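So the sequences go chain by chain: A and B.
Residue numbering for the first sequence follows this note's numbering, beginning at 5 and increasing consecutively.
Residue numbering for the second sequence follows this note's numbering, beginning at 5 and increasing consecutively.
Cβ coordinates follow ideal geometry from the N, Cα and C atoms, glycine included.
Here the structure is a predicted model, which means the values were calculated and not measured.
The block underneath contains the structure these notes are about, expressed in structure tokens.
Number of protein chains: 2
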Amino acid sequence: MFDRLFNEIKSIESFSDSDIELGNGFLDEFFIEKGDYFLKEGQVSRHVAYIKSGLTMHYRIYDGLEVPCDFLRENQWVAYIKSFMNKTPADMAIKALEDTVLLRLSYNNMQQLFQLQPKFLALKNYYTELSFIDTAQHAADLAVLSAKERYHKFMKEKPDLINRVPQYYIAAYLGIKPQSLSRIRKER
Amino acid sequence: MFDRLFNEIKSIESFSDSDIELGNGFLDEFFIEKGDYFLKEGQVSRHVAYIKSGLTMHYRIYDGLEVPCDFLRENQWVAYIKSFMNKTPADMAIKALEDTVLLRLSYNNMQQLFQLQPKFLALKNYYTELSFIDTAQHAADLAVLSAKERYHKFMKEKPDLINRVPQYYIAAYLGIKPQSLSRIRKER
DNA sequence: ATCGCTTCTTAACAAATGTGAACGGAAAGG
DNA sequence: CCTTTCCGTTCACATTTGTTAAGAAGCGAT
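Take a look at the structure:
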């Protein structure tokens, strides 16, 4: 059932089958309906989670407007590291844009897992680095590319999201207004 | 001599004095002249380093233009995780904007350190998360703030860099042209 | 299917940022 | 010390993006 996650994990840190079983024991399945929250602003994040199916969005509110900074979907990990690791109230929220099925790992379970098998620490490191690289690329795109170029790149790299994420969220993610995105889309 | 680094490390992961000594044994001091490179594009990064003094800049070339994505200075760690961890050629360069004194840690030494004391793995995790948070904030600023707001925020948060980094680099970091930055600076 | 609400589109105009060029001063190198 | 190059500034004008407002289209709930 969770083959994809486990095969991926094995290839990253050469986990044994017993490691996998160990890890599996600490996960619990969790469901979030479309529009509901994985993490609300002000809460301390207690879990990270692997997305079995569905779609989540990290975002902040600026001037009453929801501004996304990340979209995560099936076969990705969702977490707000800043709140989760430091146990501080989140200055950001995460909500489901679709009905979403998760495999959750709590903070305490994660710490136990790290004690029992330090390779899992290296694994978490690995995933953090992946997110870091993505975020750095997004920042570079915002600094260097025009609005039009950012949209075309988004379309090329995440074509599935174009139809799963409302356009005003995509616009905000790209740092432009919905009307501007509409204008860009109209050109050819 | 390295009190600041060691005190910081101790407070993060409750390292003992012998841990600190262990770590210290794996570091070597390294000097980079202003304008020289910590990492060239195309090279595989072999080290991370703690900056004792000086200033470095991560950047990419776009249209023949150097576009910074990070400035790091004394008491911070400099690294290009993507190349260093995956042993892939860097798609980015890091150079010194001032004469810079580093404490370097090689990839092999880091791995040894992780074997001998897994806490160091948690420490690396911690520093990666810090950079991640900074980068995510920078991306959000680029998406949400106007050029003027980005500049004022930069001035407020990193006032020392205003005088240490050439303005055309700051402009590129903020995602604007040098002339626009000049115009913003002129207004009062 | 209909109603009500949200999202998307369009347009005219305003504001912000980019472009190209010129100038002057600062810094670097001989 | 002089020369050369680089950097920061300024300006006029072009282009991009934002703003405001309105209507069309999509979507959910009844």
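One thing to note: proline 182(B) has its Cβ within 8 Å of the Cβ of glutamine 171(B).
Around the beta carbon of asparagine 90(B), a 10 Å sphere encloses fewer than 16 other beta carbons of the protein chains shown; the residue is thus reported as exposed. Lysine 56(A): member of the beta strand (DSSP E) spanning 51-57, first to last residue.
Proximity to leucine 134(A) across Arg189(A), Val82(A), Gln116(A) and Val48(A) peaks at Val82(A), based on C-alpha coordinates. Cβ atoms of leucine 101(B) and threonine 139(B) stay farther apart than 8 Å, at about 19 Å. Only buried fits methionine 96(A), as 16 or more other CB atoms lie within 10 angstroms of its CB.
Counting of Cβ neighbours within 10 angstroms places phenylalanine 35(B) among the exposed residues, the total staying below 16. What alanine 144(A) touches in chain B, judged by beta-carbon distance under 8 Å, is Arg64, Val71 and Cys73, going in chain order.
Within the model, the alpha-carbon separation for glycine 27(A) versus glutamine 80(B) is close to 34 Å. Methionine 61(A) carries a strand assignment under DSSP once its states are collapsed to helix, strand and coil. Taking a contact as a CB-CB distance under 8 Å, the pair lysine 123(B) and glutamate 17(B) counts as one, their CB atoms being some 5 Å apart. Under the 10 Å beta carbon count, asparagine 129(B) is surrounded by 16 or more other beta carbons and is classified as buried.
Using a Cβ distance threshold of 8 Å, alanine 151(A) and valine 71(B) do not count as a contacting pair. Contacts with chain B at 8 Å (Cβ-Cβ) include glutamate 133(A).
When secondary structure is reduced to three states using DSSP, serine 186(B) falls in the helix class. By the CB criterion at 8 Å, valine 169(B) and leucine 109(B) fall outside the cutoff.
Counting along the chain, aspartate 32(A) sits inside no alpha helix (DSSP H); it lies in the beta strand (DSSP E) bounded by residues 32-36. Uninterrupted alpha helix (DSSP H) stretches at least 4 residues long and entirely within the region 131-168 of chain B occur at 151-161 and 163-168, given in chain order. Taking the Cα of threonine 132(B) as reference, the smallest distance to any Cα among Phe158(B), Thr104(B), Tyr84(B) and Gln115(B) is reached at Tyr84(B).
Looking at the DSSP output, glutamate 70(B) sits in a beta bridge with Ile65(B).
Isoleucine 137(B) and phenylalanine 75(A) have their C-alpha atoms roughly 16 Å apart.
If you look at tyrosine 172(B), you'll find it in the alpha helix (DSSP H) that goes 171-177. In the structure shown, lysine 99(A) falls within a strand segment according to DSSP collapsed to helix, strand and coil. Around isoleucine 24(B), no beta-carbon contact reaches into chain A at under 9 Å, the shortest distance being about 20 Å.
DSSP, reduced to helix, strand and coil, places phenylalanine 42(B) within a strand of the structure shown. Between leucine 117(A) and phenylalanine 30(A), the gap from beta carbon to beta carbon is short of 8 Å. For serine 18(B), no beta strand (DSSP E) run applies, since DSSP gives it neither H nor E. Pairing tyrosine 54(B) with leucine 127(B) gives a Cβ-Cβ distance that is not under 8 Å.
Using beta-carbon distances, asparagine 129(B) counts as an interface residue toward chain A, with a partner under 8 Å. Contact note: isoleucine 98(A) does not reach chain B at a C-beta cutoff of 9 Å; the least C-beta distance is about 13 Å.
The beta-carbon of proline 93(A) is placed no less than 8 Å from the nearest beta-carbon of chain B. Taking 8 Å as the cut-off, the Cβ atoms of leucine 43(B) and alanine 94(B) count as close. DSSP places threonine 104(B) in the uninterrupted beta strand (DSSP E) bounded by 104-110. Spanning the alpha carbons of serine 22(B) and glutamine 121(B) requires a straight line of approximately 11 Å. Taking each of Asn167(A), Cys73(A), Glu12(A) and Ile24(A) in turn and checking the Cα distance to glutamine 141(A), the smallest one comes out for Cys73(A).
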